[in-house]
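S.K.:
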Amino acid sequence: MSEPEAPPLLPVTDDHDTGPLFEAAARGELVVRVCACGEVSHLPTSYCRRCGSSEGTWRPVSGRATLLSWTTVTHQLHPAFPTPYTIVLVSLEEHPQVHMFGQLAGTPDLTADQPMEVWFQQLAEDVAIPQWRPAG
Amino acid sequence: MFRKVQRQGPAAGRVAGVSAELYDHRDRCAIVGIGATEFSKDSGRSTLTLAVEASLEAIGDAGLVPIDIDGIVRCDMDDVRTSDLIHTLGLDNISYLGENGPGGVAPAAMVGQAVAAILSGQATAVLVYRSLNGRSGRRYGAASQASDAPRVGGNGTYDEYWLPYGLQTPGQCFALMARRHMIDFGTTPDQLGRIPIACRNRANANPAAQMHGRPMGLDDYLGARMISDPLRLFDFCLETDGANALVVTTAERARDLPRPPALIRAVAQASLPDVQPGNFYSVLMRESLTTLPAAPVGRLLFERAGLGPDDIDVAQLYDCFSITVLLQLEDYGFCAKGEGGSFVADGSIELDGSIPINTAGGHLSEGYIHGMNHIVEGVRQIRGTSTNQVPGAETCLVTSTALPPGSALILRGDG
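If you read the protein sequences in the order shown, they are chains A and B. Taking our numbering, I'd label the letters of the first sequence as residues 1 to 136. Taking our numbering, I'd label the letters of the second sequence as residues 1001 to 1415.
This is the structure:
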């Protein structure tokens, strides 16, 4: 695997509906949006589709998950992502309907439904994102 | 603060809840003209020029002249605006303009809009077109964001949830679905490969197909380079410069026109519960990774048509990727969920199988006109003019259903 030929792709971190995920990641915490009615909103929307409230809060979760699927990318496209690299899709332990992506270097040995754990990758001085790796 | 709504949760959403009786369109309209340009890697022409050629061919094939066209429907991703085509073709009687999408979801839904316009009295003859320089111009398989771009995501795209992780292309997205199908159901690469091989076999009998003259067997398929595992090179569709067009009118008028009408038995589009907001990749945020909106589209379509999977003689299934076909075979009920692998391995999708598919070669081997070439081939099957004609084909399912929402239609002969 070679070094990236471009700086990392930075996410918008101050969006009205998704910003708190990145604020929490910057302090090393994984959060999901939960409505007062108990509905977990992911992908998050301010308006709760279940009860109509906009009074949701962002709550910490354990950062434990299971591996739903993965793909090792071997066709080079984006200079920020030298191949091979592996995209993982995980399902959170407390809220299995919440799916999140992560990236692992190279071609790791993975097994369906194996335990995964969150870590936080600092992409820039003010930008961190949740990442996922096999639970140690 | 919004008004509180009374709802029992997302599962309360109706699926195929629109009664067939409430939308009386069965066999009332027909596709009477089809047009196609050459499919190539570099057309050397503008998308407008391609759209003009395909449209003139479709209008002429219908036995009409441009001034007879009073409705026009565009795909939201087409570079050709309706006004470009209206101006250039001299369509001076336009009284209905429609648009549908996103992208590959559009074609059957565009025909559905034409039908709705005709049955509601807004138009009598509607032109439906799709034109793209998909190889020499805008390539849909390119990475989603240039390297020197500012930050990605926000503003309702939710791109911040996937682009920073290197999830950049539709192929990677479908690879994640294919992997889960293999995990849950034991589907194998050998089985998946039967889909591109079937499409290639059809293309080799279709001189207009981009992959005509390039036979492919299982060793060729398995030996091709991996792109995003478990998907290999030939699990990916082609990139094509080209255009297609259709003319839709009433069944009554169709019977006075030169070609045998391809009656539109039924058309449907549908979303699904838990559809998710955001761009494209949010499909992987849904609970199931192995169903597509084809499932609710299929239920509504078959209800409206008064038909079921067993009544379909031939199908043109949207095949941006091999796995897309496998999932649709299950979602439309040609086989049970999870049995798609063994179903295709048994030869079911070959010309002599229970449901021959993509008889011009499909997106995998004919060309990629974003679902529109599938409708054109469907019409050929009903007319009996396909280069891979299914003997006695009276019904053809055509799908435009990769990601949510979705659309599909059923064509039948006027017999």
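No residue lacks a Cβ here, since even glycine has one placed at the ideal position from N, Cα and C. Bear in mind the structure is a predicted one, so any value in this text is a computation, not a measurement.
Using the Cα positions of T107(A) and G1340(B), report the straight-line distance between them to the nearest angstrom.
M.R.: So the two alpha carbons sit approximately 28 Å from each other.
S.K.: Check whether the stretch 1030-1044 of chain B touches the stretch 1250-1262 of chain B, taking contact to mean three or more Cβ pairs, one atom from each stretch, closer than 8 Å.
M.R.: At 8 Å Cβ cutoff, the stretches touch.
S.K.: Buried or exposed: where does E94(A) fall if 16 or more other Cβ atoms within 10 Å of its Cβ makes it buried?
M.R.: Looking at its Cβ environment, which holds fewer than 16 other Cβ atoms inside 10 Å, E94(A) is exposed.
S.K.: Tell me where the alpha helix (DSSP H) around D1331(B) begins and ends.
M.R.: Counting along the chain, the alpha helix (DSSP H) containing D1331(B) begins and ends at 1322-1331.
S.K.: Could you tell me which chain B residues have their CB closer than 7 Å to the CB of A112(A), listed as they occur along the chain?
M.R.: The contacting residues are I1183.
S.K.: Among the candidates D1310(B), H1370(B), T1324(B), whose CA atom is the shortest distance from the CA of L1397(B)?
M.R.: The residue with the shortest Cα to Cα distance from L1397(B) is D1310(B).
S.K.: For the beta strand (DSSP E) that D1241(B) lies in, which residues bound it at each end?
M.R.: Note, D1241(B): beta strand (DSSP E), 1241-1250.
S.K.: Just checking: is the beta-carbon of I1227(B) within a distance shorter than 7 Å of some beta-carbon in chain A?
M.R.: Answer yes: the Cβ-Cβ gap between I1227(B) and chain A drops below 7 Å somewhere.
S.K.: Roughly how many angstroms lie between the CA atoms of S1147(B) and F120(A), to the nearest whole one?
M.R.: In this prediction, S1147(B) has a pLDDT of 49, which is less than 50 and means its spatial position is unreliable; what the coordinates show is noted afterwards. The alpha-carbon atoms of S1147(B) and F120(A) are separated by roughly 22 Å.
S.K.: When you compare the CB of S69(A) with every CB in chain B, is at least one pair closer than 7 Å?
M.R.: Yes - at least one Cβ of chain B is within 7 Å of the one on S69(A).
S.K.: Applying a beta-carbon distance threshold of less than 7 Å, which residues of chain D neighbour E1287(B)?
M.R.: Absent here is chain D; the protein component of the structure consists of chains A and B.
S.K.: Which residue's Cα is closest to the Cα of E1394(B): V1314(B), D1319(B), N1100(B)?
M.R.: Comparing Cα positions, the closest option is V1314(B).
S.K.: Report, in whole angstroms, the separation of the C-beta atoms of R1180(B) and L1289(B), which I expect to be a contact under 8 Å.
M.R.: Between L1289(B) and R1180(B) the Cβ distance is about 4 Å, and since that is below 8 Å, they are a contact.
S.K.: Do the CB positions of V1105(B) and I1264(B) come within less than 7 Å of each other?
M.R.: Not closer than 7 Å, so no.
S.K.: Spatial neighbours of C37(A) within its chain, please: CB distance less than 8 Å, with the 5 preceding and 5 following residues excluded, ordered by chain position.
M.R.: Counting only Cβ-Cβ distances below 8 Å, and skipping sequence neighbours, we find C48, R50, C51, S53.
S.K.: Should V34(A) be labelled buried (16 or more other beta-carbon atoms within 10 Å of its own) or exposed?
M.R.: The residue is buried, with at least 16 neighbouring Cβ atoms inside 10 Å.
S.K.: Would you call the stretch 1157-1173 of chain B in contact with the stretch 1224-1242 of chain B, where contact means no fewer than 3 C-beta pairs closer than 8 Å?
M.R.: In short, these stretches touch, since the Cβ pair count reaches three.
S.K.: Determine which residues of the stretch 80-104 of chain A have a Cβ less than 7 Å from any Cβ of chain B, and write them out in chain order.
M.R.: Result list: A80, F81, Y85, I87, L89, Q97, H99, F101, G102, Q103.
S.K.: In whole angstroms, what separates the C-alpha of G19(A) from that of R27(A)?
M.R.: Cα-Cα distance, rounded: 13 Å.
S.K.: For the stretch 114-133 of chain A against the stretch 63-70 of chain A, are there 3 or more C-beta pairs whose distance is under 8 Å?
M.R.: The stretch 114-133 of chain A, when compared against the stretch 63-70 of chain A, does touch it at the 8 Å Cβ threshold.
S.K.: Within 7 Å (strictly less), CB to CB, does P4(A) reach chain B?
M.R.: Not closer than 7 Å to any Cβ of chain B, the Cβ of P4(A) fails to qualify, so no.
S.K.: Output yes if chain A places a C-beta closer than 7 Å to the C-beta of V1152(B); else output no.
M.R.: It does; some Cβ of chain A falls within 7 Å.
S.K.: Could you spell out the range, first to last residue, of the beta strand (DSSP E) harbouring P134(A)?
M.R.: It spans 127-134 - the beta strand (DSSP E) in which P134(A) sits, taken as one unbroken run.
S.K.: So, is T1188(B) buried or exposed, given that buried needs 16 or more other C-beta atoms within 10 angstroms?
M.R.: That one is exposed.
S.K.: Closest Cβ-Cβ distance between T72(A) and chain B: below 7 Å?
M.R.: Yes - at least one Cβ of chain B is within 7 Å of the one on T72(A).
S.K.: In terms of residues, what are the limits of the beta strand (DSSP E) holding M100(A)?
M.R.: From DSSP, the beta strand (DSSP E) with M100(A) extends over 99-105.
S.K.: Kindly identify the DSSP beta-bridge partner or partners of P115(A).
M.R.: T66(A), per the DSSP bridge assignment.
S.K.: Where DSSP assigns a beta bridge to L1263(B), which residues make up the other side?
M.R.: DSSP output for L1263(B) lists A1030(B), R1412(B) as bridge partner(s).
S.K.: Alpha helix (DSSP H) containing S1342(B): first to last residue?
M.R.: 1340-1345 is the extent of the alpha helix (DSSP H) around S1342(B).
S.K.: Just reading off the beta strand (DSSP E) that V1171(B) is part of, what are its end residues?
M.R.: A quick correction: the sequence has Gly, not Val, at residue 1171(B). Note, G1171(B): premise wrong, no beta strand (DSSP E); alpha helix (DSSP H) at 1170-1185.
S.K.: Quick check: the Cα distance between L1048(B) and D1084(B), rounded to an integer number of angstroms?
M.R.: Going from the Cα of L1048(B) to the Cα of D1084(B) covers about 7 Å.
S.K.: Can you find a CB in chain A that lies within less than 7 Å of the CB of G1166(B)?
M.R.: For G1166(B), the answer is yes, since a Cβ of chain A falls inside 7 Å of its Cβ.
S.K.: What does Y1161(B) reach in chain A if we use C-beta pairs closer than 7 Å?
M.R.: Within 7 Å Cβ-Cβ: L43, F101.
S.K.: Give the list of continuous alpha helix (DSSP H) stretches no shorter than 4 residues that lie fully inside the stretch 1199-1228 of chain B.
M.R.: Listed in chain order, the complete alpha helix (DSSP H) runs (minimum 4 residues) inside the stretch 1199-1228 of chain B are 1218-1223.
S.K.: Could you compute how far the alpha carbon of A1401(B) sits from the alpha carbon of A1142(B)?
M.R.: The question names Ala, but residue 1401(B) in the sequence shown is Thr. Distance between the alpha carbons of T1401(B) and A1142(B): 21 Å.
S.K.: Could I get the ranges of all uninterrupted alpha helix (DSSP H) runs contained in the stretch 1095-1166 of chain B, with 4 residues as the minimum, in chain order?
M.R.: Entirely contained in the stretch 1095-1166 of chain B, the alpha helix (DSSP H) runs reaching 4 residues are, in chain order, 1106-1119.
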